[in-house]
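In this text, residue positions in the sequence shown follow the UniProt record's numbering: the first is 1, and each later residue adds one.
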Amino acid sequence: MPTWDLTFFYSSPKDSQINEDFEESLRKIKKLQQQYYDKLSDPSLTPSELKNFFQEFEKILKMHNFTYQYCHLLYDSNTQDETAQKLYAKAKDYDSKIEMESSFWKPRLLKQSEEKLNELMHDQELKDYTHVIQRLIKSKNHILSEDAEKVLAAMYNSSRGGFEELYGRLTSSYTFKLEIDGEIKELTDPQVRALRRKPDLKLRRQAMKEFFKKYDEDSLIFEKTYNSIVKNYDTEANLRNFQSPISMRNLNNEVEDEIVETVIKVTTDRTPMVQQYYRWKGKKLGIEQTLADIYAPLTNVQKEYSFEEAQKIVLDSYYEFDEEIGEIAESFFKEKRIDAEIRKGKRGGAYTSYALPNKKPFILLNFTATLADVGTLAHELGHGIHGTLASEQNIWNYHPPLTMAEVASVFGEMLVIDKILPTLSEEERTGYLASNIEGMFSTMFRQNMIARFEISSHNLIEQNGSASWKELAELYKKELEIMFGDSVIIPKEYYYEWSSIPHIFRTPFYVYAYNFANLLVLALYQQYKVEGKSFVPKYKELLRSGAKDSPKELLKKIGIDISNKDFWEKGFEFIEREFISKLD
1 MPTWDLTFFY
11 SSPKDSQINE
21 DFEESLRKIK
31 KLQQQYYDKL
41 SDPSLTPSEL
51 KNFFQEFEKI
61 LKMHNFTYQY
71 CHLLYDSNTQ
81 DETAQKLYAK
91 AKDYDSKIEM
101 ESSFWKPRLL
111 KQSEEKLNEL
121 MHDQELKDYT
131 HVIQRLIKSK
141 NHILSEDAEK
151 VLAAMYNSSR
161 GGFEELYGRL
171 TSSYTFKLEI
181 DGEIKELTDP
191 QVRALRRKPD
201 LKLRRQAMKE
211 FFKKYDEDSL
221 IFEKTYNSIV
231 KNYDTEANLR
241 NFQSPISMRN
251 LNNEVEDEIV
261 ETVIKVTTDR
271 TPMVQQYYRW
281 KGKKLGIEQT
291 LADIYAPLTN
301 VQKEYSFEEA
311 QKIVLDSYYE
321 FDEEIGEIAE
331 SFFKEKRIDA
341 EIRKGKRGGA
351 YTSYALPNKK
361 PFILLNFTAT
371 LADVGTLAHE
381 LGHGIHGTLA
391 SEQNIWNYHP
401 PLTMAEVASV
411 FGEMLVIDKI
421 LPTLSEEERT
431 GYLASNIEGM
441 FSTMFRQNMI
451 ARFEISSHNL
461 IEQNGSASWK
471 ELAELYKKEL
481 EIMFGDSVII
491 PKEYYYEWSS
501 IPHIFRTPFY
511 VYAYNFANLL
521 VLALYQQYKV
531 EGKSFVPKYK
541 ELLRSGAKDS
551 PKELLKKIGI
561 DISNKDFWEK
571 GFEFIEREFI
581 SKLD
């Protein structure tokens, strides 16, 4: 199983250059502040001076992000390692200092008149920073005073950030003892979750019972942690004059509140599709399903995939789509930028890390040899391809907002689905279609359900000052009932599932972006099916654009209007036509 080679960054965690680079970044950001503090608010500020500021700032951020990325990856490799813990704590401390020292630039630049800002935004010399200035103007009503911005940056790691780390450290330390084939085994989080896809009904149900039992045992920690994160996030949103807490995330995602509300409502209205499917599956399996069975295979014979097999399937899929994209995907394997091994202490789940535009993203996986893991590999490589192609942008326009960040990843999954389907027998095909329907339901309806839970839990905590473990469990139970109706039995332990969802702790209101992107990709993929190879350059240009314009404008260039409610409906129609209708 591949592990990544972090010597790309530094020779070892003890490399003295790590500390030197952190110190150099901090020294340079302080110098930048001295040089530009008065200049940015001076009415005589020239386009050339502002361009120089952005360029100098970018050099500092690139150096700092490079070092921070190394510490973060090292820590996630083994969250229980003391050296990695200390180094990551140091990285976060320096990150907070950099944020604090650089917090001056937005309030200072916003002291310019509206006329001056518009003049700078349209100046040809600043064409690479047009969207940066545009976003700044848009956020004007939500930028605080210099002192307030500095305080928020300084306090982050000892407030919301501290609770986020506590959550990660605690959940990464979990192991679970289960009897499998007559033998007691100690499993990690990803290994237990993988058991949901096993044919053994008793094992599936027992695994999830033990899994959530662990979270229930630490209910006091999760209750306090979640309440603290929510109150901190919502207080900041209130201080920044946002209409609601989710609005702060929407601004970062460059999408209007109304569009997000439309996506959530359209998805919620389509939940009968989920219930219809699971009634069909229950009859197919001949059992009364519980939530522990929703990913169960339709046959007792479950195919496993070695990492090499998964690699070949995914690379073939990307190469057949486009040679350049295939080469980018293959570079991750050649350059040891993937860590797929399951280890005690390693962070669960999967992600792609691209901290700066250097064409070298890194991927973390926990590969358990299931068909779902083949899709996860394609998904994360999609992120990596996006991060590589967008590297031609400056750091300001590099990271796509969450609403666009999942596009390349989900598109990659669709390529793999089309690659695998023709190779299957009729029975295997039905099972594979079912597995992908369940994956899409998870990406769309489940994430939508979690987004609704977030909105209601934030409201409850704001109204009452806090929410108890039981109250949060009750809110989550209601959302489960809305999604699944009476199509499955909801065991009591699933009421605590919310506490096992890292995104709501690490990045409040992140999850709706998965559903947003999935529906968006279904439209893009249908377009690809119609246009064929002529679609590829347009798609690559979309990825290369990074965040140089808003999602609405970038998508308008390829004929997509995300403000149209009918557009979002088409994704569900595609699932019904191309997947559900093809089940036996």
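We put the beta carbon where it would ideally sit given N, CA and C, even for glycine.
Requested in this report: Just the C-alpha distance for V416 and P272, rounded to the nearest angstrom, thanks.
Outcome: Between the C-alpha atoms of V416 and P272 there is a straight-line separation of about 27 Å.
Between which two residues does the beta strand (DSSP E) harbouring Y351 extend? In the DSSP assignment, Y351 falls within the unbroken beta strand (DSSP E) covering Y351 to S353.
Legend entry - the region 437 to 451 / the region 309 to 316 touching (three or more Cβ pairs under 8 Å): As far as the Cβ criterion goes, the region 437 to 451 does not touch the region 309 to 316, which means the pair count is below three.
Length of the line joining the Cα atoms of I60 and E474: Cα-Cα distance, rounded: 47 Å.
Checklist entry - By how many angstroms is the C-alpha of T403 removed from the C-alpha of K540? => result Pairing K540 with T403, the inter-Cα distance amounts to about 17 Å.
Checklist entry - How is K356 classed by DSSP in three states: helix, strand or coil? => result Reading off the sequence, residue 356 comes out as Leu, not Lys. If DSSP states are grouped into helix, strand and coil, L356 belongs with coil.
Discussion item. Using the three-state DSSP reduction, which class does F445 fall into: helix, strand or coil?
Written reply: Here F445 sits in helix by DSSP.
State whether the region 109 to 120 contacts the region 39 to 57, with contact taken as three or more CB pairs (one from each stretch) at a distance under 8 Å.
Yes, the region 109 to 120 touches the region 39 to 57.
Report task. Check whether the Cβ atoms of S159 and S228 lie closer than 9 Å to each other. Result -> With respect to S228, S159 sits close: the two C-beta atoms are nearer than 9 Å.
>> Considering only the alpha carbon of each residue, which of E58, F57 and T299 lies closest to A434?
In response: Closest by alpha carbon: T299.
For D81, which three-state DSSP category applies? Three-state result, D81: coil.
Using CA coordinates, which residue listed in E165, S16, K31 and H399 is at the minimum distance from V132? Out of E165, S16, K31 and H399, H399 has the C-alpha closest to the C-alpha of V132.
> Just to confirm, are I395 and P361 a CB contact at a threshold of 9 Å?
Replying inline: Pairing I395 with P361 gives a Cβ-Cβ distance that is not under 9 Å.
Check your understanding: Under the rule that 16 or more other beta-carbon atoms within 10 Å means buried, what is residue 591, buried or exposed?
Key -> In the structure as shown, the chain starts at 1 and stops at 584, and residue 591 therefore has no counterpart that could be examined.
Inter-residue spacing [alpha-carbon to alpha-carbon] between R108 and L554: Taking the straight line joining both Cα atoms gives about 29 Å.
**Prompt:** Fully enclosed by the region 514 to 574, which alpha helix (DSSP H) runs are 4 residues long or longer?
**Reply:** List check, alpha helix (DSSP H) in window: 535 to 544 and 551 to 556.
Note to self: In whole angstroms, give me the CA-to-CA distance for W568 and V255.
What the structure shows: Cα to Cα, the separation comes out at about 14 Å.
**L178, enclosing beta strand (DSSP E) - first and last residue** = F176 to I180 is the extent of the beta strand (DSSP E) around L178.
Alpha-carbon to alpha-carbon, K582 and R429: Going from the Cα of R429 to the Cα of K582 covers about 9 Å.
From the DSSP output, in three-state form, read off I60 for me. In the structure shown, I60 falls within a helical segment according to DSSP collapsed to helix, strand and coil.
Relative to the alpha-carbon of D293, which residue among R240, D234 and K281 has its alpha-carbon at the smallest distance?
Residue K281 is the option with its Cα nearest to D293.
Practice prompt. Let me know if A207 comes out buried or exposed under the rule of 16 or more other beta-carbons within 10 Å of its beta-carbon.
Written response: With 16 or more Cβ atoms within 10 Å of its Cβ, A207 is classed as buried.
Check your understanding: Just the Cα atoms here: how many angstroms apart are D93 and N157?
Key -> Rounded to the nearest angstrom, the two C-alpha atoms are 7 Å apart.
| request: Specify the secondary structure class of K334 as computed by DSSP and reduced to three states. | output: K334 falls in the helix class under three-state DSSP.
> If you count every other CB in all the chains shown that lies within 10 Å of the CB of N65, and 16 or more means buried, which is it?
Replying inline: Classified as buried, N65 has 16 or more neighbouring CB atoms from the shown chains inside 10 Å of its CB.
According to DSSP, is E236 part of a helix, a strand, or is it coil? E236 falls in the helix class under three-state DSSP.
The region 9 to 25 in contact with the region 99 to 106 per 3-pair CB rule at 8 Å = No: fewer than three Cβ pairs fall under 8 Å.
Alpha-carbon spacing of P199 relative to R279, whole angstroms:
Rounded to whole angstroms, P199 to R279 spans 18 Å at the Cα level.
**Request:** Please specify which runs of the alpha helix (DSSP H), each continuous and at least 4 residues long, are wholly inside the region 151 to 211, giving them in chain order.
**Result:** Listed in chain order, the complete alpha helix (DSSP H) runs (minimum 4 residues) inside the region 151 to 211 are 160 to 172 and 189 to 194.
Checklist entry - Taking Cβ to Cβ, would you say T443 is nearer than 9 Å to Y495? => result The answer is no: Cβ separation not under 9 Å.
Below 8 Å on the Cβ atoms is my guess for L203 versus P491; work out the distance and round it to an integer in Å. Contact flag wrong, Cβ pair sits at about 15 Å.
- Along the alpha helix (DSSP H) that carries F362, what are the first and last residues, could you check? It is not in any alpha helix (DSSP H) - F362 instead sits in the beta strand (DSSP E) that spans F362 to L364.
Strand pairing of I489, partner residues [DSSP]: Paired residue(s): T290.
* Tell me the DSSP bridge mates of D339? -> Beta-bridge pairing by DSSP links D339 to L364.
- prompt: In its own chain, which residues sit with a C-beta less than 7 Å from the C-beta of K140, not counting the 5 before and 5 after it?
  reply: These residues qualify, in order along the chain: L110.
message = At a cut-off of 8 Å, would you count E210 as near the ligand GDP, judging by its Cβ distance to the nearest heavy atom?
response = Looking for the ligand GDP in the displayed structure turns up nothing, as the structure carries no ligands at all.
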